[in-house]
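What follows is a short report on a single structure.
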Amino acid sequence: MTANPADGPTEQITVDLGQRSYDILIGPGLVDSAGAEIAARLTTPRAFIITDTNVAPLLSDRLAASLTAAGIDHQTIVLPAGEATKSFGPFEKLVSELLRRGVERATTLVALGGGVIGDITGFAASTLLRGINYVQVPTTLLAQVDSSVGGKTAINAGNGKNLVGSFYQPRLVLADTQTLDTLPKRELLAGYAEVVKYGLLGDAEFFAWLEANGAAVLSGDDSARIHAVAKSCRMKAAIVAEDEHERGQRALLNLGHTFAHALEAETGFGDKLLHGEAVAIGMVLAFELSARLNLCPPNDVARVRQHLAAVGLSTDPPPHPKGQWDIARLISLIGADKKVAQGKPVFVLARTIGDAFIARDIDLTDVEAILGRAVAA
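Take the sequence shown: its position 93, counted from the start at 1, is 677 in our numbering, and no numbers get skipped.
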């Protein structure tokens, strides 16, 4: 840990990928010091800030001032906020605008925003001119602990979430924990679900710490937030370093996501069900499926439910926006998930809290039973 006398402690974590290695910096005030950190990693001092209509009024001027102070020539492109931006039409508009403005191979894209902005910016960087550099400046808890780290970039397709994308690592991640103060409570909670995921998949002690300190993380305690974000990023960095392209253990990071993506697709990838909310529900379903298969103690399912509910996250699907959930439709969406292998859905299940594993031969009648009970709750 390093110290910035003005802003407080900063954690530094390295994602070890050989020539593609990069640092994650975590702490308060990093938006205002971003220019110096980014400049140290550029070959040419030219950048585009990519942000959205929610974040731009709050942070883009501060980031721009930091780049200016560091001698980086820059322009800003503001995209519409929301999951709909992470699709083919907006992606085409973004790359066309960057090309119109003269983006070059030595230009760096700086993603200032949540997961949508990080994903579409990273995907644009991976494809423009056969690959240019990009930096992540995640401003949501979900993005800071998950989507900004590890180089997964993607847009959604009509068939499902994140089906068109690439593995493409950033040059730097700057997670300014003060930006979390700007989040609506619902969005902060949605991000917290991804923090819980790390304890559930591989660190029972961290989950116990969250049971005791989750309220402090959510209420704005600086040290608790830095610890939670840093712990999550360390776990993800270690998994990514071992399995960059998700051919093995990296799939553990999808705990709850097979269910979550189906729920999101059925609700339209919008405000009816945020990604983190769907992940919280999906993790409960994964633990319930594990218990149904006699893999996991029922008491662990109860602990997961209890903690998520205690902080204010739903543990069952919301009412269907069009009237009624269709279990067959959900099963079909699960079958279209990008993690399907040889025609079979891949689930992440658990033996206990902190001990998740990848399961490839699950009888879908058990999945149907779990879903049926959940949507009837």
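Glycine residues also receive a C-beta, built at the ideal position from the N, C-alpha and C atoms.
Note that the coordinates shown come from a computational prediction; the quantities given were computed from them, not determined experimentally.
6 Å CB neighbourhood of residue i in its chain, flanking five on each side removed
i: Ala-690; result: Thr-627, Thr-628
i: Leu-914; result: Ala-846, Leu-955
i: Gly-783; result: Phe-790, Phe-791, Leu-794
i: Ala-665; result: Asp-636, Thr-637, Asn-638
i: Phe-931; result: Thr-842, Ala-943, Ile-946
i: Ile-597; result: Ile-608, Cys-817, Arg-818, Ala-821
Distance cut-off 7 Å: residue i Cβ against heavy atoms of the ligand FMN
i: Phe-853; result: Absence of the ligand FMN is noted for the structure shown, with no ligands found whatsoever.
Under 8 Å between C-beta atoms of residue i and residue j
i: Leu-964; j: Ala-940; result: Nothing in the structure corresponds to residue 964, since the chain is present only between 585 and 961.
i: Lys-670; j: Val-719; result: no
i: Cys-817; j: Ile-622; result: no
i: Leu-991; j: Leu-643; result: Because the chain is modelled from 585 through 961, residue 991 falls outside the range shown and cannot be assessed.
i: Gln-833; j: Gly-613; result: no
i: Pro-929; j: Gly-919; result: yes
i: Ala-870; j: Leu-933; result: yes
i: Leu-582; j: Glu-850; result: Nothing about residue 582 can be reported from this structure: the residues present for the chain run from 585 to 961 only.
i: Val-599; j: Tyr-606; result: yes
i: Thr-724; j: Glu-676; result: no
i: Val-959; j: Pro-905; result: no
i: Gly-702; j: Pro-722; result: yes
i: Ala-814; j: Ile-610; result: yes
i: Asp-765; j: Gly-715; result: no
i: Leu-663; j: Leu-678; result: yes
i: Val-824; j: Ala-812; result: no
i: Ser-650; j: Gly-698; result: no
i: Phe-751; j: Glu-828; result: yes
i: Ala-776; j: Gly-749; result: The amino acid occupying residue 776 in the given sequence is Tyr; Ala does not appear at that position. It is not a contact, given that the beta carbons lie outside the stated cut-off.
i: Leu-773; j: Val-885; result: no
i: Phe-707; j: Ala-741; result: no
i: Arg-889; j: Val-868; result: yes
i: Val-757; j: Leu-892; result: no
Bridge partner(s) assigned by DSSP for residue i
i: Phe-931; result: Ala-943
i: Phe-751; result: Lys-736
i: Ala-759; result: Ile-610
i: Pro-905; result: BP columns for Pro-905 are empty, so no partner.
i: Val-599; result: Tyr-606
i: Thr-936; result: Asp-939
i: Ala-741; result: Gly-744
Residues near residue i by beta carbon distance below 8 Å, same chain, minus five either side
i: Asp-950; result: Leu-873, Arg-876, Leu-877
i: Arg-935; result: Ser-874, Leu-879, Cys-880, Phe-941
i: Lys-820; result: Val-729, Asp-730, Val-733, Gly-734, Tyr-782, Leu-837
i: Phe-672; result: Ile-739, Ala-741, Val-748
Environment of residue i [buried if 16+ CB atoms lie within 10 Å]
i: Gln-809; result: It should be pointed out that residue 809 corresponds to Arg in this sequence rather than to Gln. By the 10 Å Cβ count, Arg-809 comes out buried.
i: Pro-754; result: buried
i: Pro-641; result: exposed
i: Leu-847; result: buried
i: Asp-947; result: exposed
i: Thr-842; result: buried
i: Glu-667; result: buried
i: Phe-853; result: buried
i: Asp-921; result: buried
i: Ala-835; result: buried
7 Å Cβ shell around residue i - same chain, five flanking residues per side excluded
i: Thr-705; result: Ile-634, Leu-693, Ala-695, Tyr-718
i: Gln-659; result: Phe-632, Arg-685
Scan the region 613 to 680 and note each continuous beta strand (DSSP E) run of 3 residues or more that stays entirely inside, going in chain order. Assignment of beta strand (DSSP E) within the region 613 to 680, counting only whole runs of 3 or more residues, yields 630 to 636, 657 to 663 in chain order.
Runs of alpha helix (DSSP H) wholly within the region 786 to 873 (minimum 4 residues, chain order): 788 to 803, 806 to 826, 841 to 851
Unbroken stretches of the beta strand (DSSP E), 3 residues or longer, contained in the region 693 to 736: 717 to 722
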